[in-house]
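Trainee:
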Amino acid sequence: MGGQRSVNGGERIARVMQSHGVKFLFTLCGGHISPILKGAKDLGIRVVDVRHEATAVFAADAVARITGIPGVAAGTAGPGGTNTNTAGENAQLAQSPVVILGGAAATMLQGRGALQDIDQMALFKPHVKRARAVKRVRDLAPAIQEAFHVAQSGVPGPVFVECPVDLLYDDKVIREWYEAAAPKATGLSNRVMRAYLNRHVRRLFAGVEGAALQAEEVTVPAPSSQVIERAARRISSARRPLLIVGSQALVNARDAAATAKAIERIGMPVYLSGMARGLLGPSHPLHRRHQRRKAMHDADLVLLAGVPSDFRLDYGRHVRRRAYLISANRSRIDLNRNRRPDIGAIADAGLFLRGLAGAPGMDADARWDEWKETLLARDTEREAEIDRTAARSGEFINPVSLFRSIDARLPDNSVIVADGGDFVGTASYIVKPRKPLCWLDPGVFGTLGCGAGFALGASLCRPDHEIWTVFGDGSVGYALAEFDTFVRHRIPVITVVGNDGSWAQIAREQVKMLNDDVGTVLARSNYHQVAMALGGHGVLLKHSDQIHAALEEARGATGNGSPVLVNAWLDKTDFREGSLSI
Ligand SMILES: Cc1ncc(C[n+]2csc(CCOP(=O)(O)OP(=O)(O)O)c2C)c(N)n1
Numbered sequence: 146m147g148g149q150r151s152v153n154g155g156e157r158i159a160r161v162m163q164s165h166g167v168k169f170l171f172t173l174c175g176g177h178i179s180p181i182l183k184g185a186k187d188l189g190i191r192v193v194d195v196r197h198e199a200t201a202v203f204a205a206d207a208v209a210r211i212t213g214i215p216g217v218a219a220g221t222a223g224p225g226g227t228n229t230n231t232a233g234e235n236a237q238l239a240q241s242p243v244v245i246l247g248g249a250a251a252t253m254l255q256g257r258g259a260l261q262d263i264d265q266m267a268l269f270k271p272h273v274k275r276a277r278a279v280k281r282v283r284d285l286a287p288a289i290q291e292a293f294h295v296a297q298s299g300v301p302g303p304v305f306v307e308c309p310v311d312l313l314y315d316d317k318v319i320r321e322w323y324e325a326a327a328p329k330a331t332g333l334s335n336r337v338m339r340a341y342l343n344r345h346v347r348r349l350f351a352g353v354e355g356a357a358l359q360a361e362e363v364t365v366p367a368p369s370s371q372v373i374e375r376a377a378r379r380i381s382s383a384r385r386p387l388l389i390v391g392s393q394a395l396v397n398a399r400d401a402a403a404t405a406k407a408i409e410r411i412g413m414p415v416y417l418s419g420m421a422r423g424l425l426g427p428s429h430p431l432h433r434r435h436q437r438r439k440a441m442h443d444a445d446l447v448l449l450a451g452v453p454s455d456f457r458l459d460y461g462r463h464v465r466r467r468a469y470l471i472s473a474n475r476s477r478i479d480l481n482r483n484r485r486p487d488i489g490a491i492a493d494a495g496l497f498l499r500g501l502a503g504a505p506g507m508d509a510d511a512r513w514d515e516w517k518e519t520l521l522a523r524d525t526e527r528e529a530e531i532d533r534t535a536a537r538s539g540e541f542i543n544p545v546s547l548f549r550s551i552d553a554r555l556p557d558n559s560v561i562v563a564d565g566g567d568f569v570g571t572a573s574y575i576v577k578p579r580k581p582l583c584w585l586d587p588g589v590f591g592t593l594g595c596g597a598g599f600a601l602g603a604s605l606c607r608p609d610h611e612i613w614t615v616f617g618d619g620s621v622g623y624a625l626a627e628f629d630t631f632v633r634h635r636i637p638v639i640t641v642v643g644n645d646g647s648w649a650q651i652a653r654e655q656v657k658m659l660n661d662d663v664g665t666v667l668a669r670s671n672y673h674q675v676a677m678a679l680g681g682h683g684v685l686l687k688h689s690d691q692i693h694a695a696l697e698e699a700r701g702a703t704g705n706g707s708p709v710l711v712n713a714w715l716d717k718t719d720f721r722e723g724s725l726s727i
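Residue numbers for the sequence shown follow our numbering, beginning at 146 and rising by one.
#1: Quick test of the definition: if touching needs 3 or more C-beta pairs under 8 Å, does the region 595 to 612 touch the region 414 to 434?
#2: Pull up the distance between the alpha-carbon of L710 and that of G683, whole angstroms please.
#3: Is it a yes or a no for the region 533 to 546 touching the region 629 to 639, going by three-plus beta-carbon pairs under 8 Å?
#4: Find out if the Cβ-Cβ distance for the pair A473, A492 is shorter than 8 Å.
#5: So, using beta-carbon positions, are G223 and Q163 closer together than 8 Å?
#6: Distance check for A403 and T703, CA to CA, integer angstroms please.
#7: I'd like to know if the region 197 to 217 and the region 244 to 253 are in contact, where contact means that at least 3 CB-CB pairs between them fall below 8 Å.
#8: Using only the alpha-carbon positions, how far apart do R275 and G216 sit?
#9: May I have all residues whose beta carbon comes closer than 6 Å to any heavy atom of ligand 1, sorted in chain order?
#10: Around the Cβ of M146, are there at least 16 other Cβ atoms within 10 angstroms (buried) or fewer (exposed)?
#11: Return the chain-ordered list of same chain residues with a C-beta closer than 6 Å to the C-beta of V372, the five sequence neighbours on each side being excluded.
#12: Looking only at its own chain, which residues have a Cβ that is under 7 Å from the Cβ of S381, when we skip the five neighbours before and after it?
#13: Quick check on the burial criterion: 16 or more other C-beta atoms within 10 angstroms. Buried or exposed for D567?
#14: Measuring only the C-alpha atoms, how far is M338 from G332?
#15: What's the C-alpha gap between R157 and R191?
#16: CB-CB under 7 Å to D487, same chain, minus the five flanking residues each way: which ones, in chain order?
#17: To which residues does DSSP link T614 through a beta bridge?
#18: What does a CB cutoff of less than 8 Å around I692 pick up in its chain, not counting 5 residues either side in sequence?
#19: Would you say G664 and L715 are within 8 Å of each other, going by their C-beta atoms?
#20: Would you grab the beta carbon distance between A405 and P581 for me? Rounded to a whole angstrom, and I think it's under 8 Å.
#21: DSSP state of W714, grouped into three classes?
#22: Give me the residue from L520, N343 and N235 with the minimum Cα distance to A325.
#23: Can you tell me whether R422 sits near ligand 2, meaning its C-beta is under 7 Å from at least one heavy atom of the ligand?
#24: State the beta-bridge partners of E307 as determined by DSSP.
#25: Taking all protein chains shown into account, do 16 or more other C-beta atoms lie within 10 angstroms of the C-beta of I727, making it buried, or fewer, making it exposed?
#26: Taking only three categories from DSSP, how would you classify G147?
#27: Taking L601 and T200 to be in contact with their CB atoms under 8 Å, please state how far apart those CB atoms are, rounded to whole angstroms.
#28: Relative to the C-alpha of R485, which candidate in R499, L501 and R462 has its C-alpha closest?
#29: Take L313 and list the residues in its own chain whose beta-carbon comes closer than 7 Å to its own, dropping the five residues that flank it on each side.
#30: Please look up how many angstroms separate the CB atoms of L173 and G225, rounded, as I've assumed it's under 8 Å.
#31: With distances taken Cα to Cα, identify the nearest neighbour of A398 among A159, A330 and T212.
#32: By alpha-carbon positions, which one of V363, L254 and T227 ends up nearest to E198?
#33: Since I believe L593 is in contact with D564 (beta carbons under 8 Å), could you give me their beta-carbon distance rounded to a whole number of angstroms?
#34: Using the Cα positions of G451 and A327, report the straight-line distance between them to the nearest angstrom.
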């Protein structure tokens, strides 16, 4: 190599990550992936080591959602890969651009009974947007570059790249390794085997070049001007139009502010869901928060911006048959799911809204006033009802009152992470995200256990924000070990656990239908002590008169970089209002 230091596979991968603006690599270590971690660290990418591979992918997912740049997670061969799979599928259904790097047995040993060797392609293919196994060193960097591009293009999603261990270490080490594995004895079959191994190694390293690959331009699917004009005309003549904005409208995180401006100009009353929550701030005059179903039923035109007609819209039945349906979606399948829109654009929903805002007739101020007033009155009425519920006192904590208190003290710079059942459902109709991209929930896969990873990713991307993570006492079980991660990496998240001694969302229906709570009962455990044992701060909150002090103690404790767990004992009352994932 003419005295030049050869660049190993781990560093090749890291260089591509670096050229794509990756700041963090989330991982749980394994011998198969060590060179990737080392390569990343050497290039200044922060390696964040967690306690479960699913957490690594959830954290990468949060980074992707918040920054618009794909998040990256690495898991070791075999069980490291299987452990990432649930979070990978969650990213797939949430359409989040994540790159998952998987270790693998040496190319020569695959399928021969090596440690942790399974058919990872078969495992991943159904659950990610693209899965690719790399077989030669020279293909590593292009494969990672392609992964970033595929993850972000069209309908975003996770991409898995399998990186066998013999592509990652220094070529000298690998050559020696193959040399040592070759039979030493003479004889024809041994000579044949040696020749075979030599050829294999030559192939592994053939044609390797040193260049790092730059990020490729990602084309954002744009709507045609005709479709925009048709939609604008229909909207102008509608009497009770309604806009529903979903996560997909925020795929290009950097355009959030421009999309918010467009929504203001269009002037339709709007409901925000998923990652779009907070898009218009905590209290915008166009933003309605309650009784969406009723509003959809009353609307004569509904515009779905990045929202499929899935279970959350009762498979399209929330929109009346006679109402006019306009939909913009990057996915053709989601665009037509269950109900074909009258006007459909296979396009980025944010771009569609921005296009619409520039169309003629979209700037009239005093449109639809009566309709807006009607919806506002419903919101006001519902808020008064929530206030009445918040005022009810019982033996322990009233979750409605707790979330009213949390909401009242949320600073502008705050992110809310939601992971759980009923308790989190209550949070979703009370707590108001202050800004765009400051609310994270699993999305349509509804995966319990996303919270710790989401909080980790959010905190790293937004170190100047307060990160509030809301768990049930069931879902927090997945997260507790990550308090160790939070402490080691100085991640000052505030975790609020709604402790009702139950997997309540399941228990509720199960008891009603089967008259049995089997499998749904939990102890009112001392979760705050787990946080303390791992080096964090713990607060036990049992009575309403302690709410203020407990929340202030929690906020204060984060000042020194400490994570906090508030263990809130709940009254067992049903405070739900629909499902979380609206
Ligand atoms: C990984 C996973 N396992 C199981 C479920 C099913 N599930 C949905 S809600 C829920 C109960 C959540 O209980 P908890 O976190 O205590 O919140 P609560 O409803 O009690 O407020 C369960 C088990 C799921 N969504 N995801």
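Note that beta-carbon positions come from the ideal geometry of N, C-alpha and C, so glycine has one too.
In this text, all values refer to a predicted model and were calculated from it rather than measured experimentally.
Mentor: This is what the structure gives:
#1: no
#2: 5 Å
#3: no
#4: yes
#5: no
#6: 33 Å
#7: yes
#8: 15 Å
#9: G565, G566, D567, F568, G591, T592, L593, G594, G617, D618, G619, S620, G643, D645, S647, W648, A649, Q650 and I651
#10: Note that M146 scores a pLDDT of 40, beneath 50, so its modelled location is shaky; the value from the coordinates is reported in the next line. Exposed is the call here.
#11: A490
#12: G506
#13: buried
#14: 10 Å
#15: 16 Å
#16: Y469, L470 and I471
#17: V562 and T640
#18: I542, S546, L547, S550 and L686
#19: no
#20: 7 Å
#21: strand
#22: N343
#23: No copy of ligand 2 appears in this structure; the ligands present are ligand 1.
#24: G247 and A278
#25: Model confidence at I727 stands at a pLDDT of 33, short of 50, so the residue's coordinates are unreliable; what they give is reported in the following sentence. Buried.
#26: Here G147 scores only 43 on pLDDT, less than 50, and its place in the model is too uncertain to base an answer on.
#27: 7 Å
#28: R462
#29: N153, G154, G155, P180 and I181
#30: 7 Å
#31: T212
#32: T227
#33: 6 Å
#34: 56 Å
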